[in-house]
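In what follows, a structure is listed as structure tokens, so that the remarks can point back to it.
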Amino acid sequence: MRRMEEELELSRQATELAIREEELRQEKAAAEKKRLRLEQKAKAKEAEERKRRKAEKSQERAKFRARKEAELMEEHGCWWMMKMTS
């Protein structure tokens with residue numbers, strides 16, 4: 009009788025341990041999923057920032073070119089600019 013009680017107790021403890029191990033595995037998987045999601049979000053934010061900076065630089069270059077073209081037109085007259093752009 010005593011042996012049977014010990015076996016039942018050991019079985020119960022083994023079951024509890026297996027349940028706890030499964031819970032820990034699920035928690036670890038959830039933490040990894042969250043880490044990957046946050047990493048992906050950070051990468052997307054960095055890519056968006058690079059895209060924004062690239063667009064700003066492009067806009068600055070376009071403004072610079074337009075300003076230089078306007079200066080050249082003022083300096084040399086419209087005929088020179090027409091020749092340059094054709």
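Using the working numbering, the letters of the sequence shown correspond one by one to residues 9 to 94. Where is the CB? At the ideal position from N, CA and C, for every residue including glycine.
Would you tell me roughly how many angstroms separate the C-alpha atoms of residue i and residue j, rounded to the nearest one?
i: H84; j: K59; result: 37 Å
i: E68; j: E57; result: 16 Å
i: A70; j: E30; result: 60 Å
i: R75; j: K41; result: 51 Å
i: R95; j: Q34; result: Within the shown structure, residues of the chain are numbered from 9 to 94, placing residue 95 beyond reach of any answer.
i: K53; j: K65; result: 18 Å
The alpha helix (DSSP H) that contains residue i, what's its start and end?
i: M9; result: That residue, M9, is in no alpha helix (DSSP H); it is neither H nor E in DSSP.
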